[in-house]
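For the sequence shown, counting from 1, position 326 maps to 1166 in my numbering; every step adds exactly one.
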Amino acid sequence: MNRCPLTIGTMIVIAWVLACTAAAAPPAVNNFTGQTSFTPQEQDDIAAYVQYWCDEMTSTGENAPSGVSAARRRLLEPIRLSTTEFRLVYSNAITPLLRDAVAGENQHIAVNALTVLQELGTDRALDVVQDFCSRSDEPRMPIRLTATRACGKLMNGRNVSATRVRAALRTIRGAVEEEEDGIVLRRQLEALLGVRGPEAAEARSRVAQALEAVLDRFDNRPEPPEADMLRAIDSVLPDLRHAYLNLPGADQTSLGRELAGPLVKALGLAQGQWEEAHKNPEKLKRLYARIILVSEQILKQIDPRVRPGQQTPTTALHRAWQDANKDRYEADWRRWRSVVRPPAYGSP
């Protein structure tokens, strides 16, 4: 009479044990992180590890937020203090899974997946991340923002090739043209300006192109630019000035030729928004004042490099703006516009 309950109970225990065994995490792969070569079995072990924790990251159970964070930590652990060879094997295994996570509907999961991707420092990671930087490819602002930050970090990754960096620079430069969120635009410009190493000169050139594209977009619209878009330009100009002043002379000349035109357009944008800005001194007037100040300062540094021996305009655009002296401002702006033109300000 007691055999049936015993059998059922035994079956329940066995089922429970099997379920726990199936759900058990695979062994950690930290013991592989110092290696420079890997057997097929070791590569399979790494693949099993990332598959399990990526599955955990993308789970949608009741404890999903805490589970996502725990999985992210597990996926990041092996990356730290690892060899280049390990990173490449690990990256090959994990990037397809993380791409799917970023593309999924859950933004919390997507942001955490991008956080892992940015730490990989590999070509494959940069290939994935740059696909989520532009508004036409990724409509969700938080994902574009996080992807742009990740792209900025990966472009300085130790294992990222120059070819992939140049491709990412083109991607972000293109993304700037269609971006409608000021915070994302700011990060895009910062990502371009933050590139170091052999591709830094091309990155600075992309910054100049991006600024010109944004300002042209402002000019071609009937409505004035929103304040958060202007803040993106305002935020990057001081860093751009610092970067320019720390370049060798020849690089200053080259960048100056490209940068002067966008800076004059920035001054012209303020002139075109004169009435609206001066009606709003606590917001627009103050914002434009900072843009004018730094733009004029950079132009006065550029011109002696580009036109040695020529008279650099002694303008006072910032003072004219602050004093609401519209005639003086327009006269000084036109002086810069007449100076910044070919042949001096053209292709080197």
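All residues carry an ideal CB built from backbone N, CA and C; glycine is no exception.
Because the structure is a prediction, the values reported are computed rather than measured.
Does residue i come out as helix, strand or coil in the three-state DSSP assignment?
i: Asn871; result: helix
i: Asn952; result: helix
i: Asn932; result: helix
i: Thr962; result: strand
i: Trp1176; result: helix
i: Ala1156; result: coil
i: Pro1183; result: coil
i: Val968; result: helix
Using CA atoms only, rank isn't needed, just tell me which of the options is closest to residue i.
i: Leu921; options: Thr1011, Gly874 and Asp1091; result: Gly874
i: Ala1015; options: Asp971, Ala1040, Thr924 and Asn999; result: Asp971
i: Gln1111; options: Phe1058, Leu966 and Arg1010; result: Phe1058
i: Thr1093; options: Leu1124, Glu1116, Ser974 and Arg1145; result: Arg1145
i: Leu1109; options: Pro1065, Leu1080 and Ala1171; result: Pro1065
i: Arg1046; options: Ala1031, Ala1129 and Asn1060; result: Ala1031
i: Ala1129; options: Asp1074, Asp1079, Ala1100 and Asp940; result: Asp1074
i: Leu957; options: Pro979, Gly992, Arg980 and Arg975; result: Gly992
i: Leu960; options: Ala1048, Leu1095, Glu925 and Ala888; result: Glu925
i: Arg1004; options: Arg989, Val951 and Val968; result: Val968
i: Ala943; options: Pro866, Leu1087, Pro982 and Leu1127; result: Pro982
i: Arg1174; options: Ala864, Glu945, Leu1107 and Arg980; result: Leu1107
i: Leu1127; options: Met1069, Thr1154, Gly1089 and Leu1080; result: Met1069
i: Leu1099; options: Glu1116, Pro1183 and Leu1080; result: Leu1080
i: Gln1049; options: Ala1156, Arg1097, Glu882 and Gln883; result: Arg1097
i: Ala911; options: Ala1090, Pro880 and Asn952; result: Asn952
i: Ser931; options: Ala987, Pro1088 and Leu994; result: Leu994
i: Glu1063; options: Val1076, Glu1116 and Gly1089; result: Glu1116
i: Gln1141; options: Lys1166, Ala1160, Asp1167 and Leu1087; result: Leu1087
i: Glu1017; options: Ala1053, Gly1037 and Thr879; result: Ala1053
i: Asp1091; options: Pro1121, Asp1167, Ala1041 and Ala1160; result: Ala1041
i: Thr986; options: Gly997, Lys1166 and Gln947; result: Gln947
Determine the burial state of residue i: buried for a count of at least 16 other Cβ atoms within 10 Å of its Cβ, exposed for fewer.
i: Tyr1169; result: buried
i: Thr898; result: buried
i: His1158; result: buried
i: Arg913; result: exposed
i: Leu1033; result: buried
i: Lys1119; result: exposed
i: Thr861; result: Summary for Thr861: the model assigns pLDDT 39, below 50, so the residue's position carries little reliability; its value from the coordinates is reported in the next sentence. Exposed: under 16 other Cβ atoms inside 10 Å.
i: Asn842; result: Here the model assigns Asn842 a pLDDT of 47, short of 50, so the residue's position is not dependable, and the following value carries that caveat. By the neighbour-count rule (16 or more Cβ atoms within 10 Å), Asn842 is not buried but exposed.
i: Ala1008; result: buried
i: Ala1043; result: buried
i: Ala965; result: buried
i: Lys1105; result: buried
i: Leu831; result: Here the chain has residues from 841 to 1188 only, and residue 831 is not among them.
i: Pro918; result: buried
i: Arg1026; result: buried
i: Arg989; result: buried
i: Ala865; result: exposed
i: Asn871; result: exposed
i: Thr1155; result: buried
i: Asp895; result: exposed
Taking residue i as part of the alpha helix (DSSP H), name the residues at either end of that continuous run.
i: Pro982; result: Met981 to Leu994
i: Ala1164; result: Run containing Ala1164: none; DSSP gives neither H nor E here.
i: Tyr892; result: Pro880 to Met897
i: Ala864; result: Looking at the DSSP string, Ala864 is not in any alpha helix (DSSP H), and its letter there is neither H nor E.
i: Lys785; result: Because residue 785 is not part of the residues shown, which for the chain are 841 to 1188, the question remains open.
i: Pro1064; result: Premise fails: Pro1064 is in no alpha helix (DSSP H) and is neither H nor E.
i: Ala1043; result: Ala1040 to Asp1059
i: Ala910; result: Ala904 to Leu916
i: Ala1008; result: Ala1002 to Glu1018
i: Asp1143; result: Arg1126 to Val1146
i: Leu1025; result: Gly1022 to Leu1033
Can you check whether the C-beta of residue i is within less than 8 Å of a C-beta belonging to chain B?
i: Asn1060; result: The question asks about chain B, but that chain is absent: this structure has only one protein chain.
What whole-angstrom Cβ distance do residue i and residue j have, given they're in contact under 8 Å?
i: Arg1006; j: Glu1039; result: 6 Å
i: Pro1102; j: Leu1051; result: 4 Å
i: Ile934; j: Leu954; result: Actually they do not touch by this definition, with Cβ atoms about 13 Å apart.
i: Pro1078; j: Val1035; result: That pair is no contact at about 18 Å.
i: Ile1012; j: Cys973; result: 6 Å
i: Leu928; j: Thr962; result: 6 Å
i: Leu1124; j: Ala1072; result: About 15 Å; that fails the 8 Å criterion.
i: Asp1143; j: Thr1152; result: 4 Å
i: Val908; j: Ile949; result: 6 Å
i: Val869; j: Tyr892; result: Not a contact, Cβ separation roughly 11 Å.
i: Ser975; j: Glu1019; result: The sequence given here places Arg at residue 975; Ser does not occur at that position. Contact flag correct, Cβ pair sits at about 6 Å.
i: Leu1139; j: Trp1176; result: 6 Å
i: Asp1172; j: Ala1184; result: Going by Cβ atoms, the distance from Asp1172 to Ala1184 rounds to 19 Å, so no, they are not a contact pair.
i: Thr923; j: Thr876; result: 6 Å
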